[in-house]
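**Student:** After the structure tokens below, expect a handful of questions from me.
This is the structure in structure tokens:
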């Protein structure tokens, strides 16, 4: 048995790993889009690094585009087999892949206008909306906490990862030559004590572990101070400075968490009287999916649902559905909060809102989660004095704020907690993926002190023999 790493290898996006069995069958773990990689992004997404037609099965951890975004291309290039996932992941993936296809179509139209002026041939998108719709029939939901046999020699168990709605850690029992071994793929591990979701679950002893490491060198602040910080930023920006608060937020997970915090504050009489706009049709669709899957909510939110049927809605909240309505926000002079995708500020309507508000020192851009260093959000977070948005240079006069504790990824203590049920001596190899290389090196040293012996940080397209 071998494993190869074709994405999220010494970087945080593009998750895709392949297990090759001794009999030649191949199991693909995730097939994500690279995002926020600067000029390398398009090149990385053009080539999968493996033959799609050679894949036998696919196992999907969760619906985020950096884990699902190349599935339509995978299918288009030859893979027509099953894609196993949880029911909530199936529903979210349907929404997110169509949105991804539409974004690519819009981006390619913009790029082709420039190429036409330069007498260059037009480019094609990675996939179309039809391609995204075609792949949906391949998604096959499985239950949490039930071993499912997908092959005479392979069983799969999904346990709750607590990252986003439907997210799972994937455990694979493989029998070869009469010997059964387990490989565990963490997907993305959430936080313990999340405001909305259940905590990550314990799992059976693994022989091999492929583990995310996004915040492997970071200790998050407690969730409660992040609630207070959000209200403080709203008061300072909208009440004291009479400005606009622009919050880039992923449509899945982060937007719902923000709305839940604001709903709680409104019920407690703590939310200032300002209009709050969610300028993302995708956020509306994904929030509807989240509401359809209360089985993923933690006990606290289950209690809330007994008296509040929609904990993501409150007076003063407005969803912006049309492009024209989004543009009208640019002419609004009254203070307000605008929550818009994407979270790294690399695509979507939020880039336009940042461009239209970044020159005004009364305004603030509040970053509430991880940003790839080369993304627009990453550059702002690092304190850039000037940024380029759609080819135009802007001085960064608006204030830049950050609430890192709102991440859906666990910090190194959460990751350690997730591993706590494992006997280190029984884990033959532990691979760190989905992290920046410098962070992974720090996390590796921390794990060695915890007793894990063989910890590897694979590079892109590395293949390792598991014996």
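Residue numbers (the working numbering): 12 to 478.
Beta carbons: idealized from backbone N, C-alpha and C, even for Gly.
Please list, in chain order, all residues of the same chain as residue 123 whose beta carbon is under 7 Å from its beta carbon, the five residues on each side excluded.
**Tutor:** 133, 134
**Student:** If you follow the alpha helix (DSSP H) that residue 460 is part of, which residue opens it and which one closes it?
**Tutor:** 448-460
**Student:** From this set, 365, 357, 326, 359, which residue's C-alpha is nearest residue 341's C-alpha?
**Tutor:** Nearest option by C-alpha distance: 365.
**Student:** In this structure, how does DSSP classify residue 420 when only helix, strand and coil are distinguished?
**Tutor:** It is coil, neither helix nor strand.
**Student:** Using the Cβ count rule (16 or more neighbours within 10 Å means buried), how would you classify residue 470?
**Tutor:** exposed
**Student:** Report the residue from 422, 275, 249, 405 whose alpha carbon sits nearest the alpha carbon of residue 343.
**Tutor:** 249
**Student:** Please say whether residue 46 and residue 24 have beta carbons closer to each other than 8 Å?
**Tutor:** yes
**Student:** Cα separation between residue 295 and residue 82?
**Tutor:** 23 Å
**Student:** Rank 149, 184, 107, 452 by C-alpha distance to the C-alpha of residue 193 and give the top, closest one.
**Tutor:** Cα-wise, what sits closest to residue 193 is 184.
**Student:** How would you call residue 429, buried or exposed, if buried means at least 16 neighbouring beta carbons within 10 angstroms?
**Tutor:** buried
**Student:** Residue 412 bridges to which residues according to DSSP?
**Tutor:** 377
**Student:** What does DSSP give as the partner residues of residue 126 in its beta bridges?
**Tutor:** Beta-bridge pairing links residue 126 to no other residue.
**Student:** When burial is assigned at 16 or more other CB atoms within 10 Å of the CB, is residue 389 buried or exposed?
**Tutor:** The residue in question, residue 389, is buried, as its Cβ has 16 or more Cβ neighbours within 10 Å.
**Student:** Provide the residue span of the alpha helix (DSSP H) that contains residue 55, from first to last.
**Tutor:** 52-57
**Student:** Reducing DSSP to helix, strand and coil, say where residue 240 ends up.
**Tutor:** helix
**Student:** I need the DSSP call for residue 249, collapsed to helix, strand or coil.
**Tutor:** Of the three classes helix, strand and coil, the one that applies to residue 249 here is helix, per DSSP.
**Student:** Only counting the same chain, and skipping five residues up and downstream in sequence, which positions put a Cβ closer than 7 Å to that of residue 267?
**Tutor:** 207, 298, 301, 323
**Student:** For residue 167, report the span of its beta strand (DSSP E) as first-last.
**Tutor:** 165-171
**Student:** Please state if the CB of residue 201 and the CB of residue 4 are separated by a distance shorter than 8 Å.
**Tutor:** As displayed, the chain neither begins before 12 nor continues past 478, which places residue 4 out of reach and without an answer.
**Student:** What residues match up with residue 187 in a beta bridge as DSSP calls it?
**Tutor:** 190
**Student:** Pick from 276, 219, 232: whose alpha carbon is nearest that of residue 246?
**Tutor:** 276
**Student:** Just to confirm, is the Cβ distance from residue 244 to residue 289 under 8 Å?
**Tutor:** no
**Student:** By Cβ distance, which residues of its chain are closer than 6 Å to residue 411, with the 5 residues on each side in sequence left out?
**Tutor:** 376, 391
**Student:** What's the gap between the Cα of residue 89 and the Cα of residue 251?
**Tutor:** 57 Å
**Student:** What's the call for residue 168, buried or exposed, on a 16-neighbour Cβ count within 10 Å?
**Tutor:** buried
**Student:** Confirm, please, whether the CB-CB distance from residue 59 to residue 17 is below 8 Å.
**Tutor:** Residue 17 is a Cβ neighbour of residue 59, given a cutoff of 8 Å.
**Student:** Look up residue 42 in the DSSP assignment and say whether it is helix, strand or coil.
**Tutor:** coil
**Student:** Please go through the same chain and pick out, in chain order, the residues whose beta-carbon is closer than 8 Å to the beta-carbon of residue 347, but skip the five residues on each side of it.
**Tutor:** 249, 255, 256, 285, 286, 287, 288, 340
**Student:** Which residues share a DSSP beta bridge with residue 289?
**Tutor:** 330, 350
**Student:** Closest to residue 263 by CA distance: which of 14, 150, 99, 51 is it?
**Tutor:** Closest option to residue 263, Cα to Cα, is 99.
**Student:** Would a C-beta distance cut-off of 8 Å place residue 198 and residue 73 closer than the cut-off?
**Tutor:** A contact, by the Cβ cut-off of 8 Å.
**Student:** Closer than 7 Å by C-beta to residue 398: which residues in its own chain qualify, once you throw out the five before and the five after it? Chain order, please.
**Tutor:** 387, 390, 391, 405, 407
**Student:** Give the single residue among 29, 455, 461, 148 whose Cα lies nearest to the Cα of residue 195.
**Tutor:** The option with the nearest alpha carbon to residue 195 is 29.
**Student:** Are the beta-carbon atoms of residue 438 and residue 217 separated by less than 8 Å?
**Tutor:** yes
**Student:** Between residue 108 and residue 189, what straight-line distance do the alpha-carbon atoms span, to the nearest angstrom?
**Tutor:** Spanning the two alpha carbons is a distance of roughly 40 Å.
**Student:** Using alpha carbons as the reference points, say which of 441, 424, 478, 383 lies closest to residue 22.
**Tutor:** 383
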